[in-house]
Structure formats: C-alpha cells, structure tokens
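The structure under discussion appears below in the form of structure tokens.
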Amino acid sequence: MKQIRKSITILGEEILPGRKKILNLDTARLHTYTKLEVPVVVERAKADGPGLLLLAGIHGNELNGVEIVRELLAKKYTKPDAGMVISIPTVNIFGFINQTREFPDGKDLNRAFPGSRKGSLASIFAHHLMNEILPHVDYCIDFHTGGARRFNSSQIRISRDNEELLGLAKIFNPRFIVYAAQREKSFREAATKTGKKVLLFEGGKSHDFNQRITMRGVTGTLRLMQHLGVRGFPEELDKNIFPPPVMVKNSTWIRARQGGLFRFFVKDGSKVEKGQVVGTVSDPYGKYEFKVKMPQCGYIIGLNHAPVVYKGDALLHLGVI
C-alpha cells in the first residue's frame, strides 16, 4: 500500500503531518472574469497511511452526495488517525450554485475525463483534478444521485471480476452492490486507469436530500475508513445499523409503453415478483389505464418519481440477483 510522504505539496501548498488546510482548485475564469475556484479540504494525520478522496457534486444538482460529505466534515469524521483525507463536496461549484447538472460551458463534467490543458472548460478542469489532486490518493468514493427525477436506492457500482473492489463494496455495506460497466470518459474510468480504487456511490435523486441515503453514505464511508486504517468507527454511531447488501449481477430498465400520468405502488429497494403490478400509467381524462407489470423477479434499485412520463421513459430500474 502506498504511504503518504513526509513532505507533500498540493495546489502549491505544503501540507504538513497533523495539519488541515482548505485550498482552492483555481483552474480558469468564466466570461465574466470570475475565477473558477473549488474548495478542497485536505486533512493529514501525523501517522502514515493511505490517501482517501471524497468527491461529490460532479453533477451540480446532485445534492445528496454533497450532504454526505458535508456531514462527514461537520462532525469531524474526516480527521484521520493515519494517512490523509481529501474532501471536495462541490466539484462542479458553478453547477451547484445554479442548480444545474452541467458545467458552466454546458458540458457534462463526468464525460470530460481525463481532460486536457487545451480542451473545453470542463476538460481543463478535469485535467487539473486528475493531475493535481488524484496523484495524492489511493482510494476514491465518488458520490452521485439519480437524475431526471429518478430515485436510486443506495448502491455501490463496481466493475465485474474485481475482487478487491467487491470486498471494499461489501465493507461499505450499501443496500445494493451493482455490477456496472464504466462509462467512457467518466471520473471513475479515468481514475481506475491510473490505478486508483474507485467506489461509485449512487443514492437519492437530484435536487433532493434523503436522510436514509445520507446515513447510508456516512456510515459506509466510516466503515471503509476503519477498514483502511484511516480512523476508528465513531462510538456514537451503530456500525451495523443496516443489513448486508444484496448483489445485483444484471439490471434492466422497465420503460413506459404509453405516455401519461405515472403512479407507483412500490418503494425503492423492494423485492418484486414476476407478473406483479407495480404501477399504472393513465391519461388525464380517465379513458385508459395501463398496468406496469414486472417481467421477472428482482429488486427495485431505481424508481422514477416523475408524475408525468412519455412513451419510452424509464419507470423502474430492476436489479436481477
């Protein structure tokens, strides 16, 4: 395991053992000549150990990840006993301010990695994150939520055939562990190619907080920190408050066969049976009502909370165990 050096410099600032610093990742200016500054909280222990990066808000409207990292910072859970913890609660700071998914240049930051010095604004920022922050850590937790009114049960997404990541995901203990391919040009793909161990956390939906999802994220992060030797698990929290995760080897979206008003009869995370009616889609005038039936057994790992849907819209994300 890589050990943190006695002398370490991040973003031009020397970080001494046992110290905490709040830095600014300053990479570019907007058309208003406003600096694009992203706060980066760096906390080092006096003892050597692994480096852990807590990353949230790559999509500016995905707030539940921001809340998880905020909770960890506010309660000083990010102060390490060994190694170093780098926390970036709002990676896409301007998307966070404007409550939009995209970067200020209209690009999806999570499709801009590993970035380029001479690319788009999102690409430039991705390049600096990859080259100025990532080299100092060994492990990353990338916090996301569902988008477009879709609510995700707490889940860790990992690649198949990676036993180390599977072990770390089990330590984190989300509701579900989902095998999911890496998206091209995502932070997860780019960081993995450099040898970093990345857990992608999904939970909740955009523009929303959910206390259950927040607690899962906080508890899971602390369980992982304890496993890595970064810090002990806080005595005031219950380490085993949640049951073991369910493994999801395959998943599929159930889509609307007709547009209309969507109402669902199940909760996220529920186990469903083949043929079970889990919702209906109807017109506003009471002329028709289509039942949404499950094509096979599984678990609801994602659920569309939108009351109005179009034909072809994703209604439910069904995980097959």
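Start counting the sequence shown at 19; every next residue gets the next number (this note's numbering). Every residue, glycine too, gets a C-beta built ideally from N, C-alpha and C.
- Assigned with DSSP and collapsed to three states, arginine 62 falls in strand.
- Residue range 295 to 300 is occupied by the beta strand (DSSP E) that includes serine 300.
- Excluding its 5 nearest sequence neighbours in each direction, valine 196 has C-beta neighbours in its own chain below 6 Å: Gln173, Arg175 and Val266, listed in chain order.
- For the pair isoleucine 189 and valine 58, the CB atoms are not nearer than the 8 Å cut-off.
- Taken through DSSP and simplified to helix, strand or coil, proline 261 comes out as coil.
- By the CB criterion at 8 Å, valine 248 and leucine 73 fall outside the cutoff.
- The distance from the Cβ of glutamate 32 to that of asparagine 42 is about 15 Å, inconsistent with a contact at the 8 Å cut-off.
- Per DSSP, glutamate 202 lies in no alpha helix (DSSP H) segment and is marked neither H nor E.
- Glutamate 85 carries a helical assignment under DSSP once its states are collapsed to helix, strand and coil.
- Annotation: the segment 122 to 147 contains the following complete segments of the alpha helix (DSSP H) (minimum length 4 residues), in chain order: 139 to 146.
- Excluding sequence positions up to five before and after glutamate 89, its CB lies within less than 7 Å of the CB of Thr232 and Val236, all in the same chain and listed in chain order.
- Secondary structure note for glutamate 181: its alpha helix (DSSP H) is the uninterrupted segment 181 to 190.
- DSSP places arginine 234 within a helical segment (H, G or I) once states are collapsed to three.
- In this structure arginine 129 touches serine 204 by the C-beta definition: roughly 7 Å separates them, less than 8 Å.
- Residue environment analysis places proline 302 among the exposed positions, since fewer than 16 neighbouring C-beta atoms fall within 10 angstroms of its C-beta.
- For glycine 164, no alpha helix (DSSP H) segment is defined; the enclosing uninterrupted segment is the beta strand (DSSP E) at 157 to 164.
- Under DSSP, no beta-bridge partner is assigned to isoleucine 76.
- Here the alpha carbon of arginine 234 sits roughly 42 Å from the alpha carbon of lysine 305.
- In the DSSP assignment, valine 216 forms a beta bridge with Cys158.
- For isoleucine 318, no alpha helix (DSSP H) segment is defined; the enclosing uninterrupted segment is the beta strand (DSSP E) at 316 to 322.
- With a contact defined as Cβ atoms closer than 8 Å, leucine 127 and isoleucine 76 qualify at about 5 Å.
- Close CB contacts of threonine 298 within its chain, under the 7 Å cut and outside five residues either way in sequence, are with Arg281, Glu307, Phe308, Lys309 and Val310 (chain order).
- According to the DSSP secondary-structure assignment, methionine 102 is paired through a beta bridge with Arg62 and Gly69.
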